[in-house]
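Asker: Quick one: this structure, given as structure tokens, is what I'll be asking you about.
Okay, here's the thing in structure tokens:
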């Protein structure tokens with residue numbers, strides 16, 4: 001006959017043994033999962049095969065973006081514009097280039113811009129040792145039309161400007177019917193040593209395209225000019241006219 005005390009002792013030893021085994025099993029599972037939790041970081045670090053350095057996703061995603069933005073910013077810093085409105089109507093769209101302050105002030109003396117102070121400040125802020133001013137003008141049928149700059153490209157020795165007369169009024173805006181002149185001053189800073197070429201296009205209120213080309217030779221002290229007109233919807237030479245000319249004026 002087994003004594004009760006022996007039976008209860010064996011039962012306690014069995015429970016203790018089972019508990020010890022359970023803790024050991026649990027500790028083993030936790031140990032197995034330990035390295036996985038350490039590598040749970042979302043950052044994807046990859047080794048560069050050439051340098052052996054780690055590169056994160058953020059570093060890889062950022063490559064190339066700064067260069068594109070930098071090019072765009074550099075291009076925009078090469079030119080600035082100032083719009084003009086004045087009552088003196090030009091006979092036809094026209095483009096001129098101004099290499100010094102006296103020249104542009106003489107051009108402005110024949111015109112009375114509505115925002116004269118802003119125009120004067122724009123001229124005063126121009127360093128003609130580095131930049132030139134290009135003036136563009138055309139006629140408009142009312143005060144809601146403006147001469148809008150579509151594109152300006154400034155190269156090492158060249159400037160290319162495209163502009164058009166455009167109705168800038170809102171859908172419910174009433175426009176005063178008054179013939180007026182609209183224009184733009186473009187301050188351009190070529191990156192080369194000397195400017196040798198200017199090309200410009202103005203599309204007037206009727207859709208007619210007026211082209212202007214100017215070449216400059218500072219060594220010879222000469223400048224040449226060409227003009228062309230292409231009627232709206234014309235193809236090739238039909239409906240177009242051109243004019244070439246040159247003079248001995250210094251381009252500097």
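In the UniProt record's numbering, the protein residues as written are 1 to 252.
Backbone N, C-alpha and C fix where the C-beta goes; we use that ideal spot for every residue, glycine too.
These numbers were taken from a predicted model, which means no experiment stands behind them.
Suppose contacts are defined by Cβ-Cβ distances below 7 Å. Is residue 161 in contact with residue 152 by that definition?
Answerer: yes
Asker: Taking Cβ positions only, does residue 174 come closer than 7 Å to chain D?
Answerer: Looking for chain D here will not work: only one protein chain is present.
Asker: Below 8 Å, how does it come out for the region 198-213 and the region 105-116: are there three or more Cβ pairs, yes or no?
Answerer: Contact between the region 198-213 and the region 105-116 is not established, with fewer than three Cβ pairs separated by less than 8 Å.
Asker: Distance, Cα to Cα, residue 218 vs residue 155?
Answerer: 17 Å
Asker: Name, in chain order, the residues that DSSP records as bridge partners for residue 154.
Answerer: 159
Asker: Checking the sheet assignment: what are the DSSP bridge partners for residue 89?
Answerer: Among the bridge pairs identified by DSSP, residue 89 is matched with none.
Asker: Assign residue 196 to one of three DSSP states: helix, strand, or coil.
Answerer: coil
Asker: Please state if the CB of residue 81 and the CB of residue 159 are separated by a distance shorter than 7 Å.
Answerer: no
Asker: Roughly how many angstroms lie between the CA atoms of residue 181 and residue 144, to the nearest whole one?
Answerer: Just so you know, the alpha carbons of residue 181 and residue 144 end up roughly 11 Å apart.
Asker: So for residue 101, helix, strand or coil by DSSP?
Answerer: helix
Asker: Looking only at its own chain, which residues have a Cβ that is under 6 Å from the Cβ of residue 96, when we skip the five neighbours before and after it?
Answerer: 135
Asker: Under the DSSP definition of a beta bridge, which residues are partnered with residue 201?
Answerer: 162 and 211
Asker: Does the distance from the C-beta atom of residue 141 to that of residue 205 stay below 7 Å?
Answerer: yes
Asker: In the region 98-148, which residue ranges form an unbroken beta strand (DSSP E) of at least 3 residues, counting only runs that do not cross its ends?
Answerer: The region 98-148 contains, as complete beta strand (DSSP E) runs of 3+ residues, the segments 132-140 (chain order).
Asker: Given that a residue counts as buried once 16 or more other Cβ atoms are within 10 Å of its Cβ, and exposed if not, what is residue 223?
Answerer: Under this definition residue 223 is a buried residue.
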